[in-house]
Amino acid sequence: MNIDSQRGDFNDKVVLVTGAGMGLGRNHARFFAKLGARVLVNDLGGSRNGEGASQQAADSVVAEIMADGGTALANYDSVVDGHRLVEQAMDEWGAVHVVVNNAGIIRDSSFHKLSDRDWHEVYQTNFEGSYRVTRAAWPHLRDQSYGRVIFTASAAGIYGNFGQSNYGATKLGLHGLTKSLSVEGASRNINVNTIAPMLDSRMMQGHMPDEIRQRLQPGHVSPLVAYLCHQDCAESGSLFEVGGGWYAKVRWQRSSGALIPDIDSIDETAAVAEVAANWQAINDFAEAEAPASIEEAGGSMLRRVMALGA
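Right, here's the structure in full:
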């Protein structure tokens, strides 16, 4: 991969960053601008739980970029109105090459106390908003046979966290979208990846000690995002954890499993007992596999099933 650190590798690229008015999104926007990109800085200007609106956040980031000699334009729309973001970039610059879905809100609540409103509004911003922005950009990426898309997940989605059922569900759901879009986009040179950053952000305030938060700065995350969005990067369909200067790829594993023949021909109680009797083998990862596609996953399973009758 040829990356020249002495030049702007995004000079001819238009980059759309959502939730770019502060924190991680702000850092992404400024980082891409310093690499030569023209950046649409989207931010509704609301609080971390999605309330309120203000143009100040996006305007201030655009001013910072322009003061550094970069090119940027502010957008104040909700990501739920994703077509407006894309239309503004197309009207101004005639293209969209990179979409960084960063906008998100948080409404913590234990599941038994979670209101329908808090479930819906977190879903609308975090998942639906990412979908709508990407869906609006997708035809342009396909037509130009080039695109890079980033979705922003979270450790709460990968591993679970108390009080974040709404947040975690939307965040891991985004990686499911990544997996499918990476397959659909492959023939059109569209790469799609997911990042799960651990950082000091407004959404983390009150959730971790200050001395730890100070080590988790947005500046550690943006280089990974820019690498994944580089024209020479071939990575697609992947999930990366990042924080404090540490970078790691996450993959799914599954055990070699247990094959229980004729379980469908015995009575219900006996069938449940067979599953219980094989529980250790079902959970044994000594010979784990990591299928990278639905074809690999299905093929491996079918080979085991068919071997039984051979």
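The sequence shown lines up with residues 30 to 339 when you count with the working numbering.
Even for Gly, the Cβ is constructed at its ideal location relative to N, Cα and C.
Check                                                                                                                       : Outcome
For Gly-272, the residue or residues it bridges with in DSSP                                                                : Trp-275
Closest by C-alpha distance to Thr-223, when choosing among Arg-217, Leu-73 and Arg-177                                     : Arg-177
Close-in-space but distant-in-sequence residues of the same chain around Arg-280 (CB under 7 angstroms, 5 per side omitted) : Ala-319
Bounding residues of the alpha helix (DSSP H) (the contiguous stretch that carries Pro-252)                                 : 251–257
Sufficient close CB pairs (3 or more, under 8 angstroms) joining the stretch 188–207 to the stretch 241–256                 : no
Beta-carbon proximity check, Thr-199 vs Phe-156, cutoff 8 angstroms                                                         : yes
Other residues of its chain near His-57: CB distance less than 7 angstroms, five sequence neighbours each side excluded     : Val-46, Ala-49, Val-129, Asn-131, Ser-251 and Val-254
Contact between the stretch 294–306 and the stretch 319–337 (3+ Cβ pairs under 8 angstroms)                                 : no
Length-filtered (4 minimum) alpha helix (DSSP H) runs lying within the stretch 110–186                                      : 111–122, 145–152 and 158–172
Length of the line joining the Cα atoms of Asp-41 and Arg-113                                                               : 22 angstroms
Ala-96 beta carbon near the ligand FMN (any heavy atom closer than 7 angstroms)                                             : Annotation note on the ligand FMN: not contained in the displayed structure, which lists no ligands.
Same chain, Cβ closer than 6 angstroms to Val-44, five either side skipped, listed in chain order                           : Phe-61, Ala-66, Val-68 and Val-127
Contact the stretch 259–279 vs the stretch 299–313: 3+ CB pairs below 8 angstroms                                           : no
Beta-carbon proximity check, Glu-192 vs Asp-137, cutoff 8 angstroms                                                         : Looking at the sequence shown, residue 192 is not Glu but Gly. Result yes, Cβ atoms of Gly-192 and Asp-137 sit closer than 8 angstroms.
Contact under 8 angstroms by Cβ, Leu-268 with Ala-321                                                                       : no
Under the three-state DSSP convention, the category Asn-222 falls into                                                      : strand
Which listed residue (Glu-93, Ile-94 and Ala-103) has its alpha carbon closest to that of Asp-72                            : Ala-103
4 or more residues per run - each alpha helix (DSSP H) lying fully within the stretch 284–313                               : 297–306 and 308–311
Exposed unless 16 or more other CB atoms sit within 10 angstroms - verdict on Tyr-188                                       : exposed
Contact check, Leu-53 vs Pro-238, beta carbons under 8 angstroms                                                            : no
Whole runs of the beta strand (DSSP E) within the stretch 35–102, excluding any shorter than 3 residues                     : 43–46 and 67–71
CB-CB length for Val-109 against Arg-164, believed under 8 angstroms                                                        : Wrong, their Cβ atoms sit about 12 angstroms apart, outside the cutoff.
Bridge-paired residues (DSSP) for Gln-193                                                                                   : Ser-138
Own chain, CB closer than 7 angstroms to Cys-258, minus 5 neighbours either side, in chain order                            : Val-127, Arg-177 and Ile-179
Buried or exposed (CB count within 10 angstroms, at least 16 for buried), Phe-39                                            : buried
Distance, Ala-86 Cα to Tyr-105 Cα                                                                                           : 9 angstroms
Rounded straight-line distance, which links the Cα of Arg-283 to that of Asp-313                                            : 9 angstroms
For Gly-74, the nearest candidate out of Ile-94, Ile-134 and Gln-117 (CA to CA)                                             : Ile-134
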